[in-house]
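Here is the structure we will look at, set down as structure tokens.
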Amino acid sequence: MATVLTTCPFCTCGCGLHLQADHGHLTGSAPSEHHPVGQGKLCARGWHAHEAPTWGPRLTRPLLRRGGEPVEVSWAEAIDAVVQGLSRILADGDPIGVLGSARATNEENFLAVKLARGALRTGNVDFCLRAGLQPLIDGVAEVTGDPWPPGRLLDLERSEFILLFEGDLAETHPRAASLVAAAVKRGARLVTVGWHQTQMSRLAARHLPVDPGAGHQVIPGLLAAVLDGGSADGAGAVAADPGLAALRAGLAGLAVGEPVREVAAWYASAARASIVVGEGALLPDEARDGAAALAMLAAVTGHLGRAGSAILILPSRGNQRGALEVGVRPDALPGGVPLDDAAVIAKLRRTWSREPSVVAGLDAEAMVAGCRGLVVVAEELPAVLRAGGGGLDALASASFVVVLDSFATATARAAHAVLPVAAFGETDGTTTSLDGRVQRVRECASPPGLARPGWQVLAELVTRFGLPCTYGSIGDLHREMTDLVPLFGEIGEGQLDESWGALVSRPATGPGVHLRTVDLGRRDPVEGPCVAVFDEAFDWGSDPSVAHAPTLCRDHVARRKLFPTGFVEMNRADADRLGVRPGWAVRLTSKHGEVTVPVVVSGEVAPGMARLPFSARDRVGVVLGGRGRAGVRVERA
Amino acid sequence: MRPANDVQGRDPGASRLLVKSDLVSWIRRLMDDAEVIAPAAGAGGDLMFGPVTDPASVWLGPGNPLQPPKQFVLPQTDPIVRIERNGGGVQVSSISDERARVIFGMRSCDARGMAYLRRMQATDLPDDSYLRRADRIAVVTLACTTPCTLGFCVCCDAGPFARDGHDVQLVDLGDRFLAEGATERGRAMVADAPFRPATQGDVVRRDELEREAERHFGDESAHLGAAMRRISTRRVAEELWEAMSPWCFECGGCNFICPTCYCFSVKDRCQDHGWERCRTWDSCQYSAFTLEASGHNPRERRKERIKRRFFHKVSAQYYQRDGAVGCVGCGRCVQTCLGTTDMPAVVAAIRKGVWHG
Ligand code: SF4
Ligand code: SF4
């Protein structure tokens, strides 16, 4: 029996666990008692992390598409074909790109960047889930001047007041939810902002209801309340900010209800107060401004920069923060440094012995739609693109698609070349938690068949394009990353092994706090007797490492099996009024289109709401017209 | 609290002595015939049960690993049947694990857990696969002379000194261990040199230590009993379960680290030439635990699942069936619970009729 200490690959809380293998199979997961975040706890996903690679349909041999059919080939043949295929596109001067992933390790993602900016000389490098995260991070950064929002997960436990914008935190980030519950047990006041009843809202001292995905609706009121209520103690610190007057002016005359006023006073007067923004709380249109406004709320109340007062933006999936920070983005270099940073460019040139591409590239959606050649590292496009399954149709126009993955995904089926790589538990590397904790993931069992560690495959590809990668071990690769990714430079030699990973801190680089007017909620009002919305939480059931694992996915599977083409969740009162029972079909009609789906009755959905699964967005999305919500008429079909 | 042992009435041959300097050589001797499993400091500084490679690394100091030794009788994923394609049909064969093992340095609560599990697996329809593995395991416990931080074994009559489930119990007497053989197999393990007979004084000291250890817990044994009376006579208000329900995050940890929980699911693991049917840990706190193929779920709401868990753990009905409460007082669920609905917290709530989160 083998046991290794590793990091949970799922929700970005980054809990530590002991992974076990027996006879070459991963067989168990157990929480690490001394892990600083997990502290001997795991959620149901973490307790079944060993299932992730064990039960899915695995890719075990390199495949090349010949005559429309995938054919098993040797590694040498596969790599040759990939190099030729991509070289042809390069020679034609056609667009080419690389997609990294929140499912990949920092090392794999770094090499994806090296493949793009170094080997293929393109700025087209991105990962699909960045689209949801970046605006939130940028919104806060714009106000604070720091590239990453302040605070750590453990700050929650000691907070006296927590303002939680949901989603459904207990489902998406269980460890964060558990720390919030621990704080409430200690006497902290919790306020939830959301559009439906959740586990956390039941623990809350107050729930501020908003329209679906419209967490931003309460933010101007909170700001106005602290600014006129005189509870903006920190206003002194920001008094000199020229934006303050503009912020005040913009909020003048805003009618603020008593509940919001009271919540604002709680926040302002708490010694340590945290703001948590979970998934699905702010729709994409309002994400950046909403996050900026929250940072301003922290700034004017003096919470910004106060120890123990955090603003936590929760990425949805695995290694999103790591992917962003090692540079899997078209608009910045490794470490998130600007594309014109001469010092970093000089280092890249020196280490890679080649002029790196420092142009701004296409983002993931544009790459999928417009690149002729695409290397996809562990992205299952229908699961992570906003277009859902539609993303694969766009891929059909690319002339050469290479997929590196552990699982036989729909994306891999659409590829011209498939390179099988090791999954979680089968390879070494690091991931970065939402806290910025860079932690080891370790090999516990060998990958199946001919599959190889992803970093080795990527290193070979990079080498074949003329950038020699002579990594004898992952340690050599770390040394290069320490040198080239500014944040990784802070990780001391051996630190990853000796302790619980390294916390990457990001010192302030900007000019300090910057205030401005907030412009929220100017979108078209939603009209209709009923509001249809997507359940925006990351759909774990669509993730290949979860979809096939029996325990990890079964809640999703139950519904997926029952309703393979989608469903709608409605309140019982609405269902009764329509005269429909669970499973009966209803027709939803909006100005965008109509869809007929079976009903699932749910106590969590408020009357007048119709929740559609994001996972079935390519089937039911027409009624929302590409937006997060729409007014609909619902009838029995 | 049970009455102090009657020193005179005990089988004098059952108590032996081992000087501490001989411990390593004894473990080494055990390793000749069996896989020896013991607590040791593992990665990340976590204490864990695992196969011993270096006897000097065996940890017999304070503390008990967060993960109980249950995994060695009931692995989290346990292949029990091999299904292979065989021409047009399939061939089915059983997979058994009958390796000789010694679990060394187990604490009394965990030994009670092993006894509880064995009783469950041996009655009604005896589980052959379980019994074949479990019966090859010898258990050497270490009596707790000082209580651990979170444990409450005295409330469950499972400690601090072992009651059942062990072959040999070691009691730390300073520079030597008193070794008590509790079974035929255990007596044989301590029969020969370097063990020698214990003196009357050693045995008296042992009993003093047991009483001291029990005193350190205070008189808490009434708590579980009071909860049992209320839960067995259905005097726990529905609202109480309702109030607890948002404080559980359905991680299943309480079941997985519980030395007495045994519920499982069945999953087929794909192999090159067929499948392996595996028994895998399951949790009664998961919403899909009782989900039926029709889609109907008799325990759809979390409060129903919490209620069910505590009814099995502490009701008189199950006490009679299982011969013991389904809690050994190890305190692990206090640490591993992702929420706040661990055993002592819920028992206190049942007893007092209020839930504070
Ligand atoms: S809370 Fe997140 S990181 Fe922790 S065990 Fe669960 S999925 Fe893994
Ligand atoms: S009671 Fe605690 S340990 Fe058990 S499932 Fe609920 S949260 Fe997890």
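Protein sequence lines, in the order shown, are assigned to chains P and B.
Using the numbering used here, you'd call the opening residue of the first sequence number 48 and step up by one each time.
Using the numbering used here, you'd call the opening residue of the second sequence number 78 and step up by one each time.
No residue lacks a Cβ here, since even glycine has one placed at the ideal position from N, Cα and C.
Which of helix, strand or coil does DSSP assign to residue i?
i      : result
B:F238 : coil
P:A320 : strand
P:C577 : strand
B:C340 : coil
P:L693 : Summary: the structure shown does not reach residue 693 of chain P, with chain P confined to residues 48 through 684, and so no result is reported for it.
P:P56  : coil
P:M343 : helix
B:Q394 : helix
B:M78  : Low per-residue confidence applies at B:M78: pLDDT is 37, beneath 50, and the placement is therefore not dependable, though the value from the model is reported in the following sentence. B:M78: coil per DSSP, three-state reduction.
P:A498 : coil
P:I538 : coil
P:N171 : coil
B:H389 : helix
B:M183 : strand
P:E326 : coil
Around the C-beta of residue i, are 16 or more other C-beta atoms found within 10 angstroms, so that it is buried, or is it exposed?
i      : result
P:L609 : exposed
P:G63  : buried
B:P142 : buried
B:Q394 : exposed
P:P100 : buried
P:L301 : exposed
B:L202 : exposed
B:I172 : exposed
P:E682 : exposed
P:S444 : exposed
B:R398 : exposed
P:Q367 : buried
P:D621 : buried
B:D155 : buried
B:W432 : buried
P:R397 : exposed
P:D193 : buried
B:D212 : exposed
Out of curiosity, what's the CA-to-CA distance linking residue i and residue j?
i      : j      : result
P:S248 : P:P533 : 40 Å
B:E327 : P:S589 : 21 Å
P:L77  : P:E402 : The sequence as given places Ala at residue 77 of chain P; Leu does not occur at that position. Whole-angstrom Cα-Cα distance: 46 Å.
B:A268 : B:A235 : 26 Å
P:V129 : P:V449 : 7 Å
P:T556 : P:E189 : For P:T556, the predicted model reports a pLDDT of 47, less than 50, meaning its position is unreliable and no value from the coordinates is stated.
B:C410 : P:V231 : 20 Å
P:A163 : P:V431 : 21 Å
B:D284 : P:Q486 : 48 Å
B:L415 : P:G85  : 9 Å
B:G127 : B:I308 : 38 Å
P:V210 : B:R386 : Residue identity check: residue 210 of chain P is Leu in the sequence provided, not Val. Taking the straight line joining both Cα atoms gives about 33 Å.
B:Q198 : B:A117 : 29 Å
If the criterion is Cβ atoms closer than 8 Å, does the pair residue i and residue j meet it?
i      : j      : result
P:I358 : P:V187 : yes
P:V273 : P:A315 : yes
B:A111 : B:V179 : yes
P:L158 : P:W399 : no
B:V113 : B:I214 : no
B:N332 : B:S371 : no
P:G144 : P:N171 : yes
P:S363 : P:E333 : no
P:V310 : P:L255 : yes
P:V615 : P:A657 : yes
At a CB-CB cut-off below 8 Å, which residues of chain C make contact with residue i?
i     : result
P:H72 : Judged by its chain identifiers, the structure shown contains no chain C, and its protein chains are P and B.
Worksheet item: Considering only residues of the segment 194-244 of chain B, which uninterrupted beta strand (DSSP E) runs meet the minimum length of 3 residues and lie entirely inside it, listed in chain order?
Response: 214-219
Worksheet item: Going along the chain, which unbroken runs of the beta strand (DSSP E) with 3 or more residues stay wholly within the segment 203-285 of chain P?
Response: 208-212, 236-241 and 253-256
Discussion item. So within the segment 360-432 of chain P, which uninterrupted alpha helix (DSSP H) runs reach at least 4 residues, ignoring any that extend past its ends?
Written reply: 367-373, 389-399, 411-417 and 428-431
Worksheet entry | beta strand (DSSP E) runs wholly inside the segment 74-161 of chain P, at least 3 long, in chain order | 110-113, 116-119 and 143-146
Discussion item. As an exercise, report each continuous alpha helix (DSSP H) stretch of at least 4 residues that is fully enclosed by the segment 433-481 of chain P, in chain order.
Written reply: 437-442 and 457-460
Fill in: Unbroken stretches of the beta strand (DSSP E), 3 residues or longer, contained in the segment 249-309 of chain B
253-258
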